[in-house]
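For reference, the structure discussed in these notes is given below.
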Amino acid sequence: MTADTRPGSMGRARQRRVVIVGAGVTGLVTAIRCVLAGHRVTVLERGAIPDPGSTSFDQHRALRALDPTDPEGTRRAASAHDRWSELDALLCGSRPGAGFYRRVGVVTGWPRDEASAVADVAAQARLPVELVAPEEFPHIRFPAHSHGVLETDAGVLLADRMLWAAARWLESRPEARLRPWCPVSAVDADTGRVKLTDGTFEEGDLVLVAGGPWSGDLVDLPTVMYRQTMVYLRPPDELAAWWEHAAPSAGRIGADGDAWLLPPVGGTLLKVSGEAACREVSGVDDEDDEDELRWSERVMATRALTDMDRYTVVAVKRCHYTVDAHGGGSHLAQVGPALWARAATGGDGFRTAPLVADRIVDALRPSRSPLMSSTGRSPT
Ligand SMILES: Cc1cc2nc3c(=O)[nH]c(=O)nc-3n(C[C@H](O)[C@H](O)[C@H](O)COP(=O)(O)OP(=O)(O)OC[C@H]3O[C@@H](n4cnc5c(N)ncnc54)[C@H](O)[C@@H]3O)c2cc1C
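For what it's worth, my numbering labels the leading residue of the sequence shown as 174, then goes sequentially.
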């Protein structure tokens, strides 16, 4: 474990009070990081903790770092892998099979003439990758004339297990107070005062709004919301062992290279989706023109798997993410003297959650009093 995540690593730093709205991955990881840094934390959540209705509550999420268009972001995200491994050990111990992070690798398909350049970006960021022939993964369909770039340190996070482990750990800590069934109705950007729907208030030296796609109800930040449909599949019996033990997570796959999948590790189902099932919406409760069945048919039409007909559709689910209206992607923004918000959660909210937590702890340091610093955004 690094010095940053050791309990009490703040040494003699002043203890601060932190209020976090939302108990998804952003809120819980930040709460843990704040406790480890010696602060007191209250987490307000309108549902249960964890809340099955949150974006984060799913069987798994991919953790990968490689973004060929952003070498600096790749380097930062590579460090987030280690942060997740540390968190895994802290919350679940080191017993084999106990944790929630499975480093099964993430393979992405690239046109053959681009794959080497992608691998070069990884090398610059000191991210271990291998060029692989698509035939090495015979049950995943890559676009014609493509090559695989396998990020070997990347993998799959068992998301709901992580949320449960985080909630249990926080419950055991006297510095943390978890308050489920406490909807927040307003946050004052100047004072950071938080109003609950029952008319009571919470106050902290720093408030983080981590309400996922619902953050926009509490803070005014320009975001665009997307809805995505995911299809959960059971592989045929004869392929179950391959999927469980040999399959990586995969992106830029399917006939057109716009699908992705997460393998059925740790007793989960195989999950498939893609750009064809992603659409802009103006709110979480907006009705789609087409029903969920039609969207799931679009996912199946990506042909992300060879022999897709042999797989059984077990469930279809949709969820939402928000991106910054100007630059896209996820953002942590300081929206008031003591108020921070992650209104733009992005499609990589798990990957970057430890970086958000670091930023919040940094803002709590006496030399960088959040009450003194100016409004700004951070690229996580
Ligand atoms: C289809 C899809 C696939 C994705 N795949 C990946 C992936 O592979 N890798 C990756 O890194 N990321 C992925 N993401 C993104 C990631 O899942 C999200 O960015 C992340 O889960 C957001 O977490 P959060 O804690 O910010 O928000 P949430 O998990 O939505 O949590 C917000 C919480 O705040 C609570 N809340 C809201 N309003 C209030 C209020 N007024 N009062 C009290 N509580 C409130 C909610 O009940 C909820 O529990 C994906 C997203 C989608 C949609």
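Just so you know, even glycine gets a beta-carbon here, dropped at the ideal spot from N, CA and C.
Just verifying my parser: in three-state terms, what is the DSSP assignment at E324?
strand
Within 10 angstroms of its Cβ, does V487 collect 16 or more other Cβ (buried), or is it exposed?
exposed
Quick check on the DSSP output: the alpha helix (DSSP H) that includes R341 runs from which residue to which?
332-344
Spell out a yes or no on whether the segment 359-367 and the segment 234-250 are touching, meaning 3 or more CB-CB pairs, one atom from each, closer than 8 Å.
no
Does the segment 474-493 come into contact with the segment 388-407, if we say contact requires no fewer than three beta-carbon pairs (one atom in each stretch) closer than 8 Å?
Counting Cβ pairs under 8 Å, three or more are found: they touch.
Going by the C-beta, is T555 closer than 7 Å to any heavy atom of ligand 1?
Past the boundaries of the shown model lies residue 555; the chain is included only from 174 to 553, so the question cannot be answered.
Would you please state the rounded distance, in angstroms, between the beta carbons of R346 and V279? I believe it to be under 8 Å.
Rounded, the Cβ-Cβ distance is 33 Å, inconsistent with contact.
Taking 8 Å as the threshold (C-beta atoms), are Y274 and L330 in contact?
yes
Below 7 Å CB to CB, which residues in the same chain sit around E448 once its five sequence neighbours on both sides are set aside?
Setting aside the 5 residues that flank it on each side, E448 is surrounded in the same chain by D431, each with a C-beta closer than 7 Å to its C-beta; the list follows chain order.
My output table needs one value for I533: the three-state DSSP class, helix, strand or coil.
helix
Would D535 be called buried (16 or more neighbouring beta carbons within 10 Å of its own) or exposed?
exposed
Meets three-Cβ-pair contact criterion under 8 Å: the segment 253-261 and the segment 223-234:
no
Enclosing beta strand (DSSP E) for V454 [first to last residue]:
451-454
Is the beta carbon of T199 less than 8 Å from the beta carbon of A383?
yes
For H493, report the span of its beta strand (DSSP E) as first-last.
485-497
Checking 8 Å against the spacing of the C-beta atoms, do R491 and L505 come in under that value?
Contact flag unset, no.
Can you give me the C-alpha to C-alpha distance between A530 and D461, rounded to a whole angstrom?
Computed Cα separation, rounded: 34 Å.
Where does A517 fall in DSSP's three states?
strand
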